[in-house]
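Data block below; observations after.
In UniProt numbering, the protein residues as written are 1 to 588.
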């Protein structure tokens, strides 16, 4: 006689789920277990816990029988997914099942070695022998798990100098596959002689030297390392670096000949190296690398794409001394100024103008952290900056600080106004705040054929950041409003008249407020008088569709910025950021 199935009987649901699991009807079994869970909530606590434990056991059996879709993926794809996980996530993955554990242990996931010794006020300034041995064993184990096929090695923080040779010996076994190396060891000469020159695929080298950390009781430290004997074929591999970042105060002997294909360079001072060109002996032919000119710029000018100049840049005196010193070491004389054209450079950061360097950057897109007028006479830096800007017509971003307080020459102002693709301009004009007005003011100029036209400077400008007190704040608001109207198709005269009419109530309100005599002078400064040409309604911007309105303006370190000016500025600008350092109430 068959028992009747009761929908409110938890035991019936449980027995049915067990039978369905044995028959492989997993979806129906899951439904029965879900119904049993709901019925268990109506039981008293003791009975409820008993049933929940039994249901949990069946759910575990059910889960083991359900195929995991991710395990259907090829192991190569699972390895690729695991490469994006950090160490903790990989540990969790290895504890999930044996299949995933085998994937985590594959050598392709251990091609990167990242280790760092942190320092701080609460951390010891030295390592005990056990700590040093543990640190070294970690490097050794990672190298072994990779099958001595490490591709990326990043050892940061203070480096135990006593373990430099053992570490280099371990990494040397992966020399055939290493492409990225970052070491903080001070002895770079030994790093080159024991490791770098044996790496044929090495393309990225970061040398950020840190203070070495000592090891207490070093003689008691037990480290076993098997040294590799050099073969004639493995010495002086002609690798070519593509990215090089270093400490400019530390010499890197031997690396100069590997830099003819550099794309990214940071903090490198080429005049700190010994870069004399080798002279071939009888019957010897120099390799292309050995035959490079010993002038540092000749090696990097053709390939360099990004260049961040470090703080220890050679001065004019150093350049002149180097030229004089090496002139009688070569059969031709180095001539100053040194001229070079960086044909592929798109990003230049921290460059400093120098009389002995005349560089050109025809493909430059970003010119960052440029300081002008500091330590140079006005005529020189104005002319030199104008020349550099003129040689880079494709510039899209400029970050510059002006130190010169003299009246501004036209060389660099005209060159900057003529940049047709500039989208972002960051200026620190604390020394000469009114320069921004000269850069943005539209005006009528004569073309090459003597025809008058409206000069709309920086037509692609979208983001403007200015640091420094701006006395002519209202004039800046007027210029921005006039630029918007010129973009909409108005003539120069119409845009100017509309701006004056639109902002007249603001000016009147500001004049009626209580200001000091110094503040009153800056409320509405007089504009240059209109010429006969500017009163002609026919003068409009050619192709106004190519011009863009500012999307964001940021004014930093303002002494004050009246509320009425701010309101007007926010009406014509989508985003306004003001940083007022000495804000004082301007209205009674």
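Ideal Cβ placement from N, Cα and C applies to all residues, glycine included.
Taking C-alpha positions only, residue 541 is separated from residue 476 by approximately 20 Å. Residue range 473 to 487 is occupied by the alpha helix (DSSP H) that includes residue 474.
The alpha-carbon separation between residue 95 and residue 429 amounts to approximately 59 Å. Close CB contacts of residue 199 within its chain, under the 7 Å cut and outside five residues either way in sequence, are with 175, 178, 237, 239 (chain order). Between the alpha carbons of residue 480 and residue 441 lies a gap of roughly 8 Å. Going by beta carbons, residue 125 and residue 155 fall outside the 8 Å limit. Assignment of residue 187 by DSSP, reduced to helix, strand and coil, places it in the coil class.
Within the model, the alpha-carbon separation for residue 109 versus residue 146 is close to 7 Å.
A contact is defined here as three or more CB-CB pairs under 8 Å, and the segment 82 to 89 fails this definition with respect to the segment 46 to 59. Between residue 349 and residue 308 the beta-carbon gap is near 4 Å, inside 8 Å, which marks them as a contact. Counting only the Cα atoms, residue 53 lies some 22 Å from residue 23. The beta carbons of residue 364 and residue 345 sit about 6 Å from each other, so the pair counts as a contact at 8 Å. The alpha-carbon separation between residue 445 and residue 539 amounts to approximately 11 Å. The C-alpha of residue 148 lies about 28 Å from the C-alpha of residue 263. The continuous alpha helix (DSSP H) containing residue 167 extends over residues 164 to 172.
If you draw a straight line from the Cα of residue 104 to the Cα of residue 253, it comes to about 39 Å.
Assignment of alpha helix (DSSP H) within the segment 419 to 456, counting only whole runs of 4 or more residues, yields 435 to 440 in chain order. As computed with DSSP, residue 466 is found in a beta bridge with 427, 555.
Here residue 36 is buried, its C-beta having at least 16 other C-beta atoms within 10 Å.
In this chain, the beta strand (DSSP E) harbouring residue 340 covers 338 to 341. The beta carbon of residue 502 sits closer than 7 Å to those of 481, all from its chain and outside the five residues before and after it, given in chain order. Between residue 269 and residue 245, the C-beta spacing is not below 8 Å.
In the DSSP assignment, residue 307 is bridged to 265, 348.
A distance of 8 Å or more separates the beta carbons of residue 136 and residue 171. The DSSP-derived three-state label of residue 72 is helix.
In the three-state scheme derived from DSSP, where H, G and I count as helix and E and B as strand, residue 102 is classed as helix. In the structure shown, the three-state DSSP call for residue 499 is helix. DSSP places residue 367 within a strand segment (E or B) once states are collapsed to three.
Setting aside the 5 residues that flank it on each side, residue 20 is surrounded in the same chain by 26, 28, 29, 32, each with a C-beta closer than 8 Å to its C-beta; the list follows chain order.
By the C-beta density criterion, residue 545 is exposed, having fewer than 16 other C-beta atoms within 10 angstroms. Looking from the CA of residue 180, the closest CA among 202, 212, 186, 191 belongs to 202. Residue 496 sits buried, since 16 or more C-beta atoms from the chains shown fall within 10 Å of its C-beta. Spatial neighbours of residue 141 in its own chain (CB-CB distance under 7 Å, excluding positions within 5 residues in sequence) are not present. Looking at the backbone, the Cα of residue 90 and that of residue 82 are separated by about 7 Å. Contact between residue 210 and residue 248 does not hold, since the beta-carbon distance rounds to 15 Å and is not under 8 Å.
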